[in-house]
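Comments concern the structure below.
Residue numbers (our numbering): 571 to 626.
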């Protein structure tokens with residue numbers, strides 16, 4: 571179990587990443603004619619990534 575500054579730094583990093591992803595999706599949705607969906611991969615908990623795709 572992590573504690574101290576490392577855990578706080580990790581939470582901050584995750585929070586910043588989620589904010590950036592949200593901002594990117596919101597900007598893209600305002601520009602593109604089709605909406606975007608954020609797909610979460612099973613590897614996300616282990617440091618994987620999310621993917622933006624156009625919805626049909």
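Cβ coordinates follow ideal geometry from the N, Cα and C atoms, glycine included. Remember, it's a predicted structure, so these values are computed and weren't measured experimentally.
Straight-line CA distance for residue i to residue j?
i: residue 579; j: residue 595; result: 24 Å
i: residue 581; j: residue 587; result: 10 Å
i: residue 607; j: residue 584; result: 19 Å
i: residue 601; j: residue 591; result: 16 Å
To which residues of the same chain is residue i closer than 6 Å at the C-beta, ignoring the five residues directly before and after it?
i: residue 614; result: Residue placement at residue 614 is flagged as unreliable, the pLDDT there being 49, under the threshold of 50; the coordinate-derived value follows with that caveat. Here the set comprises nothing.
For residue i, I'd like the list of residues in its chain whose CB is within less than 7 Å of its CB, leaving aside the five on either flank, ordered along the chain.
i: residue 589; result: none
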